[in-house]
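*Asks:* This is the structure I want to talk about, given as C-alpha cells.
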Amino acid sequence: MSRASSWLVFGLPAVICAVWTLHAGKDVNWDQLNYHYYLPFELVAGRLSQDFFAASAQSYLNPFGYLPFYFMVAAGWHSVLVSIVLAAAHSSSIALLYLIAYRLFADLPPRDRMAFSSLAAALGAASGVFWMTVGASFLDPLLVPLMLGGLLLLLGDRHIMLAGALFGAAAALKYSNVFFAFAALPLAAALSWRAGLAYIAGGLAAIALLAGPWLLALQHEFGNPVFPLMNAWFRSPDALPVNLVGERFGVSGPLALLAFPFRMATLDAGVYSENFAPDLRFVALLIAAAWLAIRRGALQRDDWRVLVFFAAALALWLATSANARYGLVVLLLAGLCLARIVKRLLPTRAARVLLGVLLVVQLGITFVASPPRWFLAETWSRHWFPYAVPERALREPALYLTVEILPMAVIAPFLHPASSLVNFRGQHSLPADSPKLVKLLEGHRGHVRVLGRELQVQIYDSRLRRLGYRVDPADCFAIAWRPDDDDAVSRAANWFAGNPKSAEPLSLASCALLPAPRDPADLDRERKASAIFDRVERECPRLFRGQTAVTEAFGSGWSRHYNGLDARLELSGDRLSFNRYRADVQIDLGSPSAPAVCR
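For what it's worth, our numbering labels the leading residue of the sequence shown as 423, then goes sequentially.
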C-alpha cells in the first residue's frame, strides 16, 4: 500500500468522525460526570487518601487511560478541539478494520479488493454504539484500536511481542479487555510455542507498566489491589466483603443465547446497550455463518484466524458482561466477518450488492433510532465544564457528602484543594461506621457539607439520618453550569449541531450540615431490618449471588440496594419483596417473620 493510500485510509475516517462529533454536540455523559474527569484528577492530585468513594466504586478504576482527556480539558483547550482530537483517535478503528479486511481480501483483483475492504470497514463501523462514543470521553473507543492493531500484527506473523503488548495495554487500562487478550492468545500460540511466550511476555510487560503502579497504590491504601472488587477474598475493612457482580445484560441459558442476535435487532434498550442501538448485523452473520457451514465453504488461513478470534471474543463477552461498550471490538469486527463470509458464499457482484444493501439499512436504522450521544448532547462551549464556582467553595475547605446515584465527582477539581469528597449514599452506599469515613468526618468537624444537583432538604435529611446529620438551609451556595459559548468557534459548532439544548440539571448546590443525633428507636428498627435482610440473603443465595449491601431508609420502611443486580430488597410494613426495577419484576418474599422459600 502506497504512502498516499495510507494517508487516505487513516485520513478519511478521521475527517468523517470529526464532522460527526461536531454534529452530535458536546458529549456530557453520565460516567464523565461521575469518574472520567475525576479519576485522572485523583491520580495527578494524589487524592487516594483524601477522598473516599467520591465517584462510588468507579473511584478506584485505573485512571491512566483518562489522562489525555483530563490534560486537554484542564489545560483549557476549546471543547470543539478536545472532541475532534478524541474523534480522530477513535477513527483509527475504522482504518484498522480496512487494513485487516485488505489482508483477508488479498485473493481479489485490486479494484475489488479495495471495494470489499471498504465495505467491510463500513459495515464494521455501522454500529450505533460506536457512533455514540466517537469524540466522547469513554475509554472503550480509545482502546479498541490497540486490540485491532494487535490482531493485525498477529495476522502478519511478526512483532508478536508487540501484539501482546497492545492487547496487554488495552487490558491494563480497562480490565474487562483482559478477556480479549485471552481470545487472541491462541493465534500467537498456533504459530509456535516461542510466539506464544512472546505474546504473553509483551502482555505482562504492558500490564506491569500501565496497571502495576495503580494496583500497588490500592494495595498500600486499602489492602486490596483491585479495591473494591473481589473484596470477599481480600477483605479490606474499607468495603463490604463481597465480590461485586454486574448482571444487567447477562445472557443465561441456551435459548437466551440463541435469541440474543435477534433481540439485538429490536428497539430494546435493555438487551445489550443502555441506549437504543438496534443491530441487524449479528442476525445476518448468524445466517451467513450457518450457510457457510452447510455448504462447507473454503476459508483461507487468515480468515480462520480472524473468525477464531471473533468467536472467542464473542463467547467471552457474552459470558462475562454482554455490555455493548465493553464489547465494542466485537461489534466492530462483526461487520468485517460478515463481509468476508458473504464474499465466500456469493459471486462478486451479488456479494457487493447484498453488502451494500445491508450497510444502507443498518446505517439507516442506526441514525434514526440511536441518539447521537450516550447521555447528553450539550452546547459547545469554550470550556468543557463551564462551572461558575463561588468564592466560598474556592476559599474554604470542607468535606462534601453526596447522597445521589450520580455523585457528580466531576466538581472535585473546582473546589478548594484541601476539600474531600465522599459518596455516602449512591450506587454503593457506605456504612456509617466505615473507618475512613469516620476519620474524614472527624478531620472536617464543623465543615461538613452536602452537595447535589437537586438539593431537596427533606429527602437529603432522610438519606443523612443514619450518619447523624441534617441539612442547614440557611447556609447554602450554588455552583452554576454556565456555558461560555459566545465565541466564534462555539457559535459555528452549535449552528452545525442544531444548537443542542439539554434539560438535564448540571448545576450544583451545597448546604452545610448540622449534627442531628439519631433517635435510638430508629436505630433499633434499622438493626432489626438488617437482621431480616441478612437472613434473606443467606437463605436465597441464587437470588442474591453472594451480594450484600447497606440497610437504608426507604419511605416508611427499609431497603438494600444491589447495584450489580439492578435490584432492591424492600421491607415495607409486614411484607418483604425483591424488586428488579430495571426488568420491572417484583418477587414477593412473604412476611419478615417467615420469608417465603426462594425458588
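Built from N, CA and C at the ideal position, the CB exists for glycine as well. Values in this document were obtained by computation on a predicted structure and should not be read as measured data.
Thinking just about the alpha-carbon of each residue, which of Leu873, Ala628, Asp907, Gly848 is nearest to the one in isoleucine 901?
*Replies:* Position 479 of the sequence shown holds residue 901. Isoleucine 901 has its Cα closest to that of Leu873, out of Leu873, Ala628, Asp907, Gly848.
*Asks:* Output needed for proline 435: all residues of its chain with C-beta closer than 6 Å, excluding positions within five of it in sequence on either side, in chain order.
*Replies:* The residue labelled residue 435 in the question sits at position 13 within the sequence shown. Result list for proline 435: Ser513, Ile516, Ala517, in chain order.
*Asks:* Hey, quick one: how far does the alpha helix (DSSP H) through arginine 533 stretch, first residue to last?
*Replies:* Here residue 533 refers to the residue found at position 111 when the sequence shown is read from its first residue. Arginine 533 -> alpha helix (DSSP H) spans 532-547.
*Asks:* Any contact of the region 708-726 with the region 518-529, i.e. 3+ C-beta pairs under 8 Å?
*Replies:* As far as the Cβ criterion goes, the region 708-726 touches the region 518-529, which means the pair count is three or higher.
*Asks:* Specify whether the region 729-739 and the region 678-690 touch according to this definition: at least 3 beta carbon pairs, one from each stretch, less than 8 Å apart.
*Replies:* The region 729-739 is not in contact with the region 678-690.
*Asks:* Leaving aside the five residues before and after serine 884 along the sequence, list all residues of the same chain whose C-beta is less than 7 Å from its C-beta, in chain order.
*Replies:* To locate residue 884, count along the sequence shown from 1; it is residue 462. Contacts found: Ala975.
*Asks:* Got a sec, what are the start and stop residues for the alpha helix (DSSP H) threonine 970 sits in?
*Replies:* As a working note, residue 970 is residue 548 in the sequence shown. First-last for threonine 970: undefined, no H or E at that position.
*Asks:* Let me know the beta strand (DSSP E) ranges lying completely inside the region 936-966, each 3 residues or longer, listed in chain order.
*Replies:* Runs found: none.
*Asks:* Buried or exposed: histidine 642, going by 16 or more other Cβ atoms within 10 Å of its Cβ?
*Replies:* Along the sequence shown, read from residue 1 onward, the residue named residue 642 stands at position 220. Histidine 642 comes out exposed.
*Asks:* For alanine 633, is the classification buried or exposed, using 16 other Cβ atoms within 10 angstroms of its Cβ as the cut-off for buried?
*Replies:* To locate residue 633, count along the sequence shown from 1; it is residue 211. Alanine 633 comes out buried.
*Asks:* Give me the Cα-Cα distance between phenylalanine 846 and serine 478, rounded to the nearest whole angstrom.
*Replies:* In the sequence shown, the residue the question calls residue 846 occupies position 424. In the sequence shown, the residue the question calls residue 478 occupies position 56. When rounded, the distance between both Cα atoms is 8 Å.
*Asks:* Pick out whichever of Lys765, Ala971, Gly920, Lys596 has its Cα sitting closest to the Cα of serine 952.
*Replies:* Here residue 952 corresponds to residue number 530 of the sequence shown, with the count starting at 1. Nearest C-alpha to serine 952: Ala971.
*Asks:* Between the alpha carbons of leucine 823 and serine 842, how many angstroms are there, rounded?
*Replies:* Along the sequence shown, read from residue 1 onward, the residue named residue 823 stands at position 401. Along the sequence shown, read from residue 1 onward, the residue named residue 842 stands at position 420. Going by the C-alpha atoms only, they are around 9 Å apart.
*Asks:* In terms of DSSP beta bridges, what is glutamine 1008 paired with?
*Replies:* Position 586 of the sequence shown, counted from the first residue, corresponds to residue 1008. Asn1001.
*Asks:* State the CB to CB distance for the pair glycine 757 and arginine 685, rounded to an integer number of angstroms; the pair is presumed to be in contact (CB under 8 Å).
*Replies:* Here residue 757 refers to the residue found at position 335 of the sequence shown. Here residue 685 refers to the residue found at position 263 of the sequence shown. Wrong, their Cβ atoms sit about 18 Å apart, outside the cutoff.
*Asks:* Where does alanine 831 land, buried or exposed, given buried means 16+ other C-beta within 10 angstroms?
*Replies:* The residue given as residue 831 occupies position 409 in the sequence shown. Its Cβ being crowded by 16 or more others within 10 Å, alanine 831 is buried.
*Asks:* Please name the residue in Leu852, Asp909, Gly550, Ala772 whose C-alpha comes closest to that of glutamine 784.
*Replies:* Position 362 of the sequence shown, counting from 1, holds the residue named residue 784. When only C-alpha atoms are compared, the closest one is Gly550.
*Asks:* Are the beta-carbon atoms belonging to isoleucine 833 and leucine 930 less than 8 Å from one another?
*Replies:* The sequence position of residue 833 within the sequence shown is 411, counting from 1. The sequence position of residue 930 within the sequence shown is 508, counting from 1. In this structure, leucine 930 lies closer than 8 Å to isoleucine 833 by Cβ.
*Asks:* Might you give, ordered along the chain, the residues of its own chain that have their beta carbon closer than 6 Å to the beta carbon of proline 650, omitting 5 neighbours on each side?
*Replies:* Position 228 of the sequence shown, counting from 1, holds the residue named residue 650. Excluding sequence neighbours, proline 650 sits near Ala479, Ala661.
*Asks:* Check whether the region 496-511 and the region 438-445 are in contact - that is, three or more C-beta pairs closer than 8 Å.
*Replies:* Touching, per the Cβ criterion.
*Asks:* Given a cut-off of 8 Å, decide if leucine 573 and glycine 487 are closer than it, judged by their beta-carbon atoms.
*Replies:* Here residue 487 refers to the residue found at position 65 when the sequence shown is read from its first residue. Here residue 573 refers to the residue found at position 151 when the sequence shown is read from its first residue. Their beta carbons are not under 8 Å apart, which means glycine 487 does not touch leucine 573 by this criterion.
*Asks:* Pairs of beta-carbons, one from the region 946-965 and one from the region 987-1002, closer than 8 Å: are there three or more?
*Replies:* At 8 Å Cβ cutoff, the stretches touch.
*Asks:* Return the CA-CA distance between phenylalanine 1000 and alanine 496, expressed in angstroms with no decimal places.
*Replies:* In the sequence shown, residue 1000 corresponds to position 578, counting from 1. In the sequence shown, residue 496 corresponds to position 74, counting from 1. Rounded to whole angstroms, phenylalanine 1000 to alanine 496 spans 44 Å at the Cα level.
*Asks:* Do you know whose CA, among Phe836, Leu750, Pro647, Ala547, lies nearest leucine 565's CA?
*Replies:* On the sequence shown, residue 565 is found 143 positions in, with the first residue counted as 1. Nearest option by C-alpha distance: Leu750.
*Asks:* Got a sec, what are the start and stop residues for the beta strand (DSSP E) phenylalanine 899 sits in?
*Replies:* On the sequence shown, residue 899 is found 477 positions in, with the first residue counted as 1. Taken as a continuous stretch (DSSP letters only), the beta strand (DSSP E) holding phenylalanine 899 covers 891-903.
*Asks:* Just the Cα atoms here: how many angstroms apart are arginine 817 and histidine 838?
*Replies:* Locating residue 817 in the sequence shown gives position 395, counting from the first residue. Locating residue 838 in the sequence shown gives position 416, counting from the first residue. Arginine 817 and histidine 838: Cα-Cα distance of roughly 6 Å.
*Asks:* Buried or exposed: where does threonine 770 fall if 16 or more other Cβ atoms within 10 Å of its Cβ makes it buried?
*Replies:* For this step, residue 770 is matched to residue 348 along the sequence shown. Under this definition threonine 770 is an exposed residue.
*Asks:* Which residues mark the beginning and the end of the beta strand (DSSP E) in which serine 981 is found?
*Replies:* Against the sequence shown, residue 981 aligns to sequence position 559. It spans 979-984 - the beta strand (DSSP E) in which serine 981 sits, taken as one unbroken run.
*Asks:* Using a Cβ-Cβ cut-off of 6 Å (strictly less than) and excluding sequence neighbours within five positions of phenylalanine 491, which residues of its own chain qualify?
*Replies:* Numbered from 1 along the sequence shown, position 69 holds the residue referred to as residue 491. If we look at phenylalanine 491 and ignore the five residues flanking it on each side, its Cβ neighbours are Ser559.
*Asks:* Might you give, ordered along the chain, the residues of its own chain that have their beta carbon closer than 7 Å to the beta carbon of arginine 964, omitting 5 neighbours on each side?
*Replies:* For the purposes of this step, residue 964 is identified with residue 542 of the sequence shown, where counting begins at 1. Cys1020, listed in sequence order.
*Asks:* Straight-line CA distance for proline 857 to alanine 623?
*Replies:* Position 435 of the sequence shown, counted from the start, is the residue given in the question as residue 857. Position 201 of the sequence shown, counted from the start, is the residue given in the question as residue 623. So the alpha carbons of these two residues sit roughly 40 Å apart.
*Asks:* Can you give me the start and stop residues for the alpha helix (DSSP H) that tyrosine 621 sits inside?
*Replies:* Translated into positions along the sequence shown, residue 621 becomes position 199. Run containing tyrosine 621: 615-632, per the alpha helix (DSSP H) assignment.
*Asks:* If you follow the beta strand (DSSP E) that lysine 448 is part of, which residue opens it and which one closes it?
*Replies:* Position 26 of the sequence shown holds residue 448. Where lysine 448 is concerned, the enclosing beta strand (DSSP E) stretches over 448-450.
*Asks:* Is it the case that the Cβ atoms of tyrosine 694 and alanine 628 are separated by a distance below 8 Å?
*Replies:* Taking the first residue of the sequence shown as 1, we reach residue 694 at position 272. Taking the first residue of the sequence shown as 1, we reach residue 628 at position 206. Contact: no.
*Asks:* Going by C-alpha distance, which of Leu862, Arg814, Tyr520, Val450 is nearest phenylalanine 899?
*Replies:* By one-based count along the sequence shown, residue 899 stands at place 477. Nearest of Leu862, Arg814, Tyr520, Val450 to phenylalanine 899, Cα basis: Arg814.
*Asks:* Could you tell me the alpha carbon to alpha carbon distance between alanine 612 and glycine 586, rounded to whole angstroms?
*Replies:* Here residue 612 refers to the residue found at position 190 when the sequence shown is read from its first residue. Here residue 586 refers to the residue found at position 164 when the sequence shown is read from its first residue. Cα-Cα distance, rounded: 14 Å.
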